[in-house]
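Notes follow once the structure below has been shown.
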């Protein structure tokens, strides 16, 4: 929205950090376990839950300051995790995996159609900034 020739909007910034779960398990095992002991174990990929948590929290914050949506809501992520990318955000928002051959596969619907199903529509723009790439502004959607 423009007011006095200036673009005005609310922006919430979230930062992603490297998942340290396995690093922590290895550190603990180095102190407690004998050599050649298997550590870690299986678990669900936490990336998608982190992204949906960020969307959920951002919507709560936008609702607190912009309940009537008089101004656009913008969610910006600053990404510090090289294993996370904008395609992960698209997967969470759309429910689809986008393959290299341009095909789409609906494998993330539990996230896109979960608790953020209605919340994601309350955000007008998503920005993705990778701090480890030459051009920091990677994607806008």
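In this note's numbering, the protein residues as written are 34 to 174. We treat Cβ as the ideally placed atom computed from N, Cα and C, and that holds for glycine. Keep in mind it's a predicted model, so treat the numbers as computed, not measured.
Residues bridged to residue 137 [DSSP beta-bridge criterion]: Taking the first residue of the chain shown as position 1, residue 137 is located at position 104. DSSP, once it has assigned bridges, lists 131 as partnering residue 137.
From what residue to what residue does the alpha helix (DSSP H) around residue 72 run? Within the chain shown, the letter at position 39 stands for residue 72. Neither: residue 72 is in no alpha helix (DSSP H) and is coded neither H nor E.
With distances taken from CA atoms, which of 127, 142, 109, 121 is nearest residue 161? On the chain shown, residue 161 is found 128 positions in, with the first residue counted as 1. Among 127, 142, 109, 121, the Cα nearest to that of residue 161 is on 109.
Could you check the C-alpha separation between residue 130 and residue 71 for me, to the nearest Å? Here residue 130 refers to the residue found at position 97 when the chain shown is read from its first residue. Here residue 71 refers to the residue found at position 38 when the chain shown is read from its first residue. Cα to Cα, residue 130 sits roughly 32 angstroms from residue 71.
Go ahead and pull the three-state DSSP assignment for residue 117. In the chain shown, counting from the first residue as 1, residue 117 sits at position 84. Reduced to three states, the DSSP call for residue 117 is coil.
Whole-number beta carbon distance between residue 42 and residue 104, since they are thought to touch under 8 angstroms: Looking up residue 104 in the chain shown gives position 71. Looking up residue 42 in the chain shown gives position 9. That belief holds up - the Cβ atoms of residue 104 and residue 42 are roughly 5 angstroms apart, short of 8 angstroms.
So, using beta-carbon positions, are residue 91 and residue 156 closer together than 8 angstroms? Within the chain shown, the letter at position 58 stands for residue 91. Within the chain shown, the letter at position 123 stands for residue 156. Taking the C-beta atoms as reference points, residue 156 is found nearer than 8 angstroms to residue 91.
Drop a sphere of 10 angstroms on the beta-carbon of residue 165, count the other beta-carbons inside from all chains shown, and report buried for 16 or more, exposed for fewer. Here residue 165 refers to the residue found at position 132 of the chain shown. Under this definition residue 165 is an exposed residue.
Taking DSSP as the reference, what is the three-state secondary structure of residue 49? Numbered from its first residue, the chain shown carries residue 49 at position 16. Of the three classes helix, strand and coil, the one that applies to residue 49 here is strand, per DSSP.
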